Every structure is written in structure tokens, then in C-alpha cells.
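Chemist: Below is a structure I'd like to ask you about.
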Amino acid sequence: DAGVIQSPRHEVTEMGQEVTLRCKPISGHNSLFWYRQTMMRGLELLIYFNNNVPIDDSGMPEDRFSAKMPNASFSTLKIQPSEPRDSAVYFCASSTRTSGGAANIQYFGAGTRLSVL
Amino acid sequence: GNSVTQMEGPVTLSEEAFLTINCTYTATGYPSLFWYVQYPGEGLQLLLKATKADDKGSNKGFEATYRKETTSFHLEKGSVQVSDSAVYFCALSDNGSNTGKLIFGQGTTLQVKP
């Protein structure tokens with residue numbers, strides 16, 4: 014399996030521009046998570062989906078951020094308009110949600126390093 | 007709510023030294039516990055896990071034991087190598103909620119010097 018695939022790996026943009034980050038989860042996984050990592054705030058959960066449905070978006074910092082999962086094999090995180098404080102590494106992770114309380118191992122992509130100038 | 011607390015870093019050790027990174031948690035129910043590792047420029051990857059009290063997770067010479075009485079899951083390794091330099095995250099899942107969500111600690115940076 015190729016693992017979780019994120020694109021692009023690096024993104025440099027100017028303040029005010031729209032940014033779209035992409036994620037392809039592991040085939041067969043039914044949960045998908047978007048995280049943001051910065052030196053100041055560490056690893057933050059932004060939003061997660063189960064079976065393509067957003068379950069909790071309380072971590073999304075503000076209305077400029079939106080996420081979609083149109084099907085089981087693709088998700089996007091969009092920032093519009095972008096600001097310098099959005100500069101961070103954004104990770105996508107996927108897992109298999111099971112019944113009966115089995116351990117939920119999340120598999121992470123390599124991340125997208127976003128720089129907003 | 008559920009939470010995870012790790013010892014602050016960075017932790018700096020010489021090669022072949024003994025490593026302990028402390029992790030304690032607060033949770034309702036019976037969570038599973040994890041250690042993830044993040045090497046420079048990469049995403050997080052699972053290092054080891056334990057799903058019930060007294061379980062010991064182990065991988066690549068690292069070990070951690072699920073201690074329900076002290077709500078702890080400390081990471082240990084008997085002899086660290088330079089290649090172990092990374093950020094280590096302790097995490098828990100709430101098996102009862104069945105959402106797949108993990109609660110991560112803030113991460114502990116380990117630097118191993120030759």
C-alpha cells in the first residue's frame with residue numbers, strides 16, 4: 014500500500030491567495046483526520062471525517078478554513094484567503110474505525126509545508 | 007475531558023544512554039494508549055501501542071507499559087542511538103466513543119549525541 018498521500022509537499026503563496034491541500038487516504042480506511050503542526054501550538058486536530066461525513070470541525074480555526082471529503086479516496090483542506098499565521102505543516106491521517114473498541118491506529122501522510130508570505 | 011501530558015523537552019542524551027519519556031493521561035472508560043514518533047521532515051508513525059491495563063507495547067527496543075493505577079504510559083529504551091533523535095508523541099483513543107479520534111500530548115524532542 015502506498016500509504017496516505019498528500020499533495021503538494023510544499024506550498025508557498027502570498028497573503029490573500031486561496032490554498033488547497035489534498036489528501037488520499039489508505040484504501041479501505043473510513044476515518045480521515047486533518048492536523049496542523051506549528052512550533053508554537055504543537056499538533057492540533059482541525060477536523061475529522063467518518064465515512065466521508067464531517068464529525069467534528071471544532072478545531073478549524075475560523076471560517077477561512079474549510080474541508081471536504083467528496084468520496085472515500087479524496088479529501089481537501091482549503092484556506093481562503095490565506096494569512097501569514099496559517100504557515101504550518103498540515104498533516105492528513107487515516108484509520109479504520111471498528112466496532113467493539115479496537116485500537117485505532119492512525120496512519121499519517123508526509124505533510125504539506127505551507128508558507129504564506 | 008480526556009487529555010495527555012508528556013514531560014517537556016528537549017531531552018538530550020549521549021549514545022547508549024537509558025531513555026525515559028514520561029506520559030500520564032486522564033480519561034474516562036478504557037482507552038488504548040500509543041506512542042508515535044516523528045523523524046525530521048516526516049509525518050508521525052506508530053511506534054508502539056497497548057490496548058488494556060498491564061499490556062506492554064514494544065518495538066525497535068522501545069517499551070511502554072499501560073499502568074492504570076498510575077494512569078501512565080512511560081516510554082523507555084535501554085540504549086539510545088543517534089538515529090533515535092526525533093519527536094515522540096504519547097496519545098490515547100477513547101474506545102468507548104468509537105470515533106477513531108486520538109488525543110495527543112504536546113510531543114517530546116529527543117536529541118541523541120554521539
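Chains A and B, in that order, give the protein sequences.
The first sequence maps to residues 14 to 130 in our numbering.
The second sequence maps to residues 7 to 120 in our numbering.
Don't be surprised by glycine CBs; every beta carbon is placed ideally from N, CA and C.
Just so it is clear, the structure is predicted and the values come from calculations on it, not from any experiment.
1. Looking at chain B, is there any beta carbon in it that lies within less than 9 angstroms of the beta carbon of Ala123/A?
2. Closest by CA to Val88/B, which one among Gln12/B, Glu22/B, Thr11/B?
3. Is Gln119/A close to chain B, meaning its C-beta is less than 9 angstroms from at least one C-beta of that chain?
4. On the three-pair Cβ rule with 8 angstroms, is the stretch 90-110 of chain A touching the stretch 21-41 of chain A?
5. Under 9 angstroms between C-beta atoms, does Gly29/A make it to chain B?
6. Quick one: measure Cβ to Cβ for Leu130/A and Phe95/B, integer angstroms, because I've assumed they're closer than 8 angstroms.
7. Would you report the Cα separation of Leu116/B and Gly29/A, rounded to the nearest angstrom?
8. So, is Val10/B buried or exposed, given that buried needs 16 or more other C-beta atoms within 10 angstroms?
9. Given 8 angstroms as the limit, is there contact between the stretch 65-79 of chain B and the stretch 79-91 of chain A, that is, 3 or more CB pairs closer than that?
Modeler: Checking against the coordinates, here is how it stands:
1. Yes, contact with chain B.
2. For Val88/B, the closest of Gln12/B, Glu22/B, Thr11/B by C-alpha to C-alpha distance is Glu22/B.
3. Answer yes: the Cβ-Cβ gap between Gln119/A and chain B drops below 9 angstroms somewhere.
4. Using a C-beta cut-off of 8 angstroms, the stretch 90-110 of chain A makes contact with the stretch 21-41 of chain A, since at least three inter-stretch Cβ pairs fall below that distance.
5. By this cut-off, Gly29/A is not an interface position.
6. Separation of the CB atoms of Leu130/A and Phe95/B is rounded to 30 angstroms, and the pair is thereby denied contact status at 8 angstroms.
7. Their backbone Cα atoms lie some 37 angstroms apart in a straight line.
8. A residue is called buried once 16 or more other Cβ atoms fall within 10 Å of its Cβ, and Val10/B is buried on that count.
9. Pairwise C-beta distances place the stretch 65-79 of chain B out of contact with the stretch 79-91 of chain A, as fewer than three of them are shorter than 8 angstroms.
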